[in-house]
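Chains as they are written, first to last, in the UniProt record's numbering: chain Y, 1 to 249; chain U, 1 to 233.
Right under this line is the structure:
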């Protein structure tokens with residue numbers, strides 16, 4: 001079995017990313033609430049095995065989703081919740097700010113990653129998108145869509161701008177405009193020669209609605225209308241409906 | 001204009017490593033540079049009075065929640081077997097990258113490749129093969145949403161590891177027999193966390209797509225059983 005160069009590429013990129021993630025600092029906080037629960041694992045299902053009391057100083061050195069690994073001065077190591085950590089104070093005496101994936105954290109997001117399932121001209125399509133929140137209202141986004149139908153394989157990418165008209169609403173409409181490219185390849189059993197890939201550029205406009213659903217998650221429904229600039233006399237119009245969700249950082 | 005793919009890939013890799021690690025190199029040199037400069041400055045400034053042995057004005061560096069090491073991403077490699085419907089079962093290897101949204105939900109991308117064998121018909125008849133060697137390359141990727149049921153595994157009274165059983169549902173594509181097909185995948189697995197950042201996983205996943213390679217269009221089920229090792233970072 002020969003290894004695909006993409007495969008190696010992914011492995012090497014991942015190891016490069018690992019080196020940026022390796023930087024870390026320990027955070028020392030004091031407990032001002034009556035107590036803080038220490039659990040054996042990073043989830044609310046895990047049992048509480050220790051309780052650190054008011055006035056104690058604990059060191060936080062690791063984070064996994066909404067859970068923080070802490071060590072007490074007696075050497076007890078356990079996981080505490082973001083909610084409880086948010087009620088501790090820093091050595092300077094200030095309350096520690098801990099993001100909990102709230103709606104407020106969402107409006108202050110920098111990056112957002114989305115995955116969608118949908119219909120592109122009666123063919124099942126899946127899309128992924130990465131977005132950068134430029135201002136509260138304007139979001140720059142790169143998308144990739146794949147629609148594998150019975151007659152052809154379509155791959156679309158686009159760069160676009162989203163305009164969120166009322167970003168402060170939990171259910172909020174937005175408009176998009178962008179440009180991209182589409183690759184269409186007929187099924188091999190329909191075309192004997194196989195690789196007759198058609199490439200065209202396109203413009204797209206669309207509208208969507210997003211709903212802040214729960215901690216760290218947003219649900220989106222979107223429509224877009226694509227005008228493909230083909231080599232033929234007529235331009236092709238493609239419609240897509242999709243439903244998906246996003247996570248944000 | 002045509003570029004050699006390997007040249008482009010390797011240039012990208014070198015650039016990315018350089019970029020991502022630039023701060024490490026930069027930090028090293030700036031620390032050295034600034035300490036030398038400040039030492040020199042204090043020597044100049046203190047020519048008429050004895051130099052202070054200890055500088056009492058140490059700046060306490062403010063550490064915040066965002067400085068804590070976050071381990072929400074899970075990267076892994078896996079290997080195992082995949083039963084490719086009509087085409088025997090083969091070894092499969094792949095990579096995975098997951099993002100843990102919260103303690104229960106995660107999003108996982110997988111890419112894997114295998115080489116399909118021969119159909120029973122090809123073997124028994126000894127006739128012309130259905131597929132060329134290149135068309136037997138079986139590659140797939142998918143993006144799944146997973147749900148963890150958290151727990152602990154007790155090997156003995158004192159040897160205890162955190163673990164979870166998870167279920168995944170995803171969509172993606174499979175490239176096989178000269179075609180690329182929309183593929184739905186579903187499965188379940190067991191993750192054993194040997195340390196906070198290192199896990200072993202056993203995973204069973206079915207990949208369903210519609211195929212007409214052997215003549216009639218039908219839904220094929222390709223079940224993969226894999227063992228992975230993953231790292232959180």
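Here a beta-carbon is modelled for each residue, glycine too, at the ideal position from N, C-alpha and C.
Would DSSP call residue i helix, strand or coil?
i	result
residue 106/Y	helix
residue 215/Y	coil
residue 175/U	strand
residue 123/U	helix
residue 68/U	coil
residue 168/Y	coil
residue 134/U	helix
residue 187/Y	coil
residue 195/U	coil
residue 116/U	coil
residue 33/Y	coil
residue 47/Y	coil
residue 224/U	strand
residue 151/U	strand
residue 141/U	strand
residue 63/U	coil
residue 206/U	strand
residue 160/U	strand
Would you please verify whether the beta carbon of residue i is less than 8 Å from any beta carbon of chain U?
i	result
residue 202/Y	no
residue 67/Y	yes
residue 46/Y	yes
residue 84/Y	no
residue 105/Y	no
residue 231/Y	no
residue 213/Y	no
residue 216/Y	yes
residue 25/Y	yes
residue 187/Y	yes
residue 38/Y	no
residue 73/Y	no
residue 196/Y	no
residue 128/Y	yes
residue 52/Y	no
Do you know whose CA, among the options, lies nearest residue i's CA?
i	options	result
residue 56/Y	35/Y, 69/Y, 225/Y and 207/Y	35/Y
residue 140/Y	149/Y, 111/Y, 128/Y and 196/Y	111/Y
residue 203/U	216/U, 166/U and 232/U	166/U
residue 121/Y	236/Y, 96/Y, 42/Y and 248/Y	236/Y
residue 140/U	200/U, 88/U and 224/U	224/U
residue 145/Y	238/Y, 102/Y, 248/Y and 26/Y	238/Y
residue 153/Y	202/Y, 106/Y and 198/Y	198/Y
residue 60/Y	44/Y, 47/Y, 54/Y and 29/Y	29/Y
residue 229/Y	180/Y, 240/Y, 218/Y and 196/Y	180/Y
residue 102/Y	66/Y, 71/Y, 200/Y and 123/Y	66/Y
residue 102/U	175/Y, 82/Y and 33/Y	82/Y
residue 81/U	201/U, 183/U, 213/U and 93/U	93/U
residue 251/Y	106/Y, 58/Y and 68/Y	Absent from the structure is residue 251/Y, since the part of chain Y shown begins at 1 and ends at 249.
residue 155/Y	104/Y, 124/Y, 249/Y and 138/Y	124/Y
residue 74/U	83/U, 183/U, 200/U and 117/U	200/U
residue 146/U	218/U, 125/U, 184/U and 188/U	188/U
residue 183/U	169/U, 208/U and 230/U	208/U
residue 89/U	106/U, 117/U and 212/U	117/U
residue 241/Y	231/Y, 225/Y, 232/Y and 248/Y	225/Y
residue 127/Y	137/Y, 158/Y and 104/Y	158/Y
For a cutoff of 8 Å on Cβ pairs, would you count residue i as touching chain Y?
i	result
residue 150/U	yes
residue 99/U	yes
residue 88/U	no
residue 30/U	For residue 30/U, the pLDDT reaches just 40, beneath the cut-off of 50, and the residue's location in the model is therefore unreliable, although a value from the coordinates is still provided. Output row for residue 30/U: interface = no.
residue 181/U	yes
residue 206/U	no
residue 128/U	no
residue 143/U	yes
residue 219/U	no
residue 74/U	no
residue 173/U	yes
Relative to the ligand FAD, is the shortest distance from any of its heavy atoms to the C-beta of residue i smaller than 7 Å?
i	result
residue 68/Y	For the structure depicted, the ligand FAD is absent and the ligand set is empty, with no information on it obtainable.
Just the chain C side, please: which residues come within less than 7 Å of residue i by C-beta, in chain order?
i	result
residue 188/U	This model lacks chain C altogether; the protein chains it does include are Y and U.
Practice task
May I ask you to verify whether the region 151-158 of chain U touches the region 112-129 of chain U, counting CB pairs closer than 8 Å and requiring at least 3?
Solution key: no
Exercise for the section: Answer yes if the region 160-173 of chain U comes into contact with the region 193-207 of chain U, meaning at least three C-beta pairs across the two stretches below 8 Å, and no otherwise. Expected result: yes
Problem - Segments assigned alpha helix (DSSP H), at least 4 residues, entirely inside the region 82-163 of chain Y - result: 82-85 and 103-107
Handout entry: Three CB pairs or more closer than 8 Å across the region 67-80 of chain Y and the region 112-124 of chain Y
Key = no
Handout entry: Segment contact, 8 Å Cβ cut-off, at least three pairs: the region 197-217 of chain Y with the region 65-79 of chain U
Key = no
Practice task
Check whether the region 165-181 of chain U touches the region 128-139 of chain U, counting contact only when three or more Cβ pairs, one atom from each stretch, lie closer than 8 Å.
Solution key: yes
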